[in-house]
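S.K.: Sending over a structure as structure tokens; questions will come in a sec.
Protein chains: 2
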Amino acid sequence: MSTTTRETTITADPAAPTVRIAREFDAPVANVFRAHVDPDLVKRWLGPRNLTMEIHRFDAETGGAYRYTHRDDDGEYVFYGSFHEVRPTERIVQTFSYEGFPDSVTLETMTFTDLGDGRTRIEGLSLFESIEARDAMVASGMEVGVREGYEQLDELLAE
Amino acid sequence: MSTTTRETTITADPAAPTVRIAREFDAPVANVFRAHVDPDLVKRWLGPRNLTMEIHRFDAETGGAYRYTHRDDDGEYVFYGSFHEVRPTERIVQTFSYEGFPDSVTLETMTFTDLGDGRTRIEGLSLFESIEARDAMVASGMEVGVREGYEQLDELLAE
């Protein structure tokens, strides 16, 4: 019998401008997926613990878009993008950029896999315009935000 | 005095999953840009000459989306995507996929440069998930569609 690995793996491919993220959750795929598309749930877990999130738009459907502000003691940061495809319980493809650097855009694909026994694995692929842009994002501390966000998602899914 | 180069250059980077396209037009940047965002104009030039285009949705604005059908004697082909950003007369960032292969998504950035004297240069960057996906798209004959489409755009801009 397997045990869920709650470790978040974050991998930067040395030969391609990508970041791959993998994480497992002790919750059914429908719940994990819903936590990614329902803005009232998204705002409770996305990003590092020290930030609060205000959502301005979050139409998580094929052809939809989103825009939100993250705030901490130092200031506020607006992020936005569009949803290329939202395939319920299976896949979300979206763009992403920080308003402060609007010319740096990533394409993000998240796939959801039902592991059985009420467990779910998600795998994310972020595609950058260049290896330099990818390395800058990794160096900016994205890893902390991803890990802490998924810890908050664990807590939300356990409610 | 420089002359507009109407040759379309299409470059596949050997080390990155990208295709770069460059083309100049004998028309002001406002007109070239408008031909990319007004669906009544887009349907007159986008794609190879032997296809007709039916547009189902074309909201060329930040957070908008599009969907259209290309038809020829052999069948019909649906394409769709979302607009990450539309920055008037400067830049369009959008996703793109063919409904027949929905898991293969590209991120496309088009920049518009005013060359003066009523001339415009456009540069496109298409970002693929892998070099293999990029090579498959190039091998599928995208080059013919791009070149013929821009010839049709020349004709439209000369009206």
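One line per chain: the protein sequences are A and B, in this order.
Under my numbering, the first residue of the first sequence is numbered 22, with each subsequent residue one higher.
Under my numbering, the first residue of the second sequence is numbered 22, with each subsequent residue one higher.
Ideal Cβ positions, reconstructed from N, Cα and C, are used throughout, including at glycine.
(1) For A:Ile152, tell me which candidate among A:Val58, A:Ala179, A:Tyr101, A:Ala37 has the shortest Cα-Cα distance.
(2) Are the C-beta of B:Ser151 and some C-beta of chain A separated by less than 8 Å?
(3) Can the beta-carbon of A:Ala56 be found less than 8 Å from the beta-carbon of A:Leu148?
(4) Which one or two residues does DSSP pair with B:Met18 in a beta bridge?
(5) For A:Arg88 versus A:Tyr98, is the C-beta distance shorter than 8 Å?
(6) Take the Cβ of A:Ala86 as the centre, count every other Cβ of all protein chains shown within 10 Å, and call the residue buried at 16 or more, exposed below.
(7) Going along the chain, which residues of its own chain have a beta-carbon closer than 7 Å to the beta-carbon of B:Glu28, five neighbours each way excluded?
(8) Assuming A:Val40 is part of the beta strand (DSSP E), what are its boundary residues?
(9) Can you give the Cα-Cα distance for B:Arg65 and A:Leu136, rounded to whole angstroms?
(10) Determine the closest residue to A:Pro123 out of B:Arg108, B:Thr32, B:Leu128, with distance taken between C-alpha atoms.
(11) Taking the alpha carbon of A:Gly139 as the reference point, which residue from A:Glu129, A:Ala179, A:Val58, A:Ala157 has its own alpha carbon closest?
(12) In terms of alpha-carbon separation, which member of A:Thr116, A:Arg70, A:Asp175, A:Gly166 lies closest to A:Leu146?
(13) Assign B:Glu150 to buried or exposed, taking buried as 16 or more other Cβ atoms, counted over all protein chains shown, within 10 Å of its Cβ.
(14) Helix, strand or coil for B:Ser161? Go by DSSP, reduced to three states.
(15) If the cut is a Cβ gap below 7 Å, which residues of chain A does B:Gly102 touch?
(16) Output the boundary residues of the beta strand (DSSP E) element that contains B:Leu148.
M.R.: So, from the data block:
(1) A:Ala37
(2) yes
(3) no
(4) Past the edges of chain B, shown from 22 to 180, lies residue 18 of chain B, and the structure says nothing about it.
(5) no
(6) buried
(7) none
(8) 39 to 46
(9) 48 Å
(10) B:Arg108
(11) A:Ala179
(12) A:Thr116
(13) buried
(14) coil
(15) His105
(16) 140 to 148
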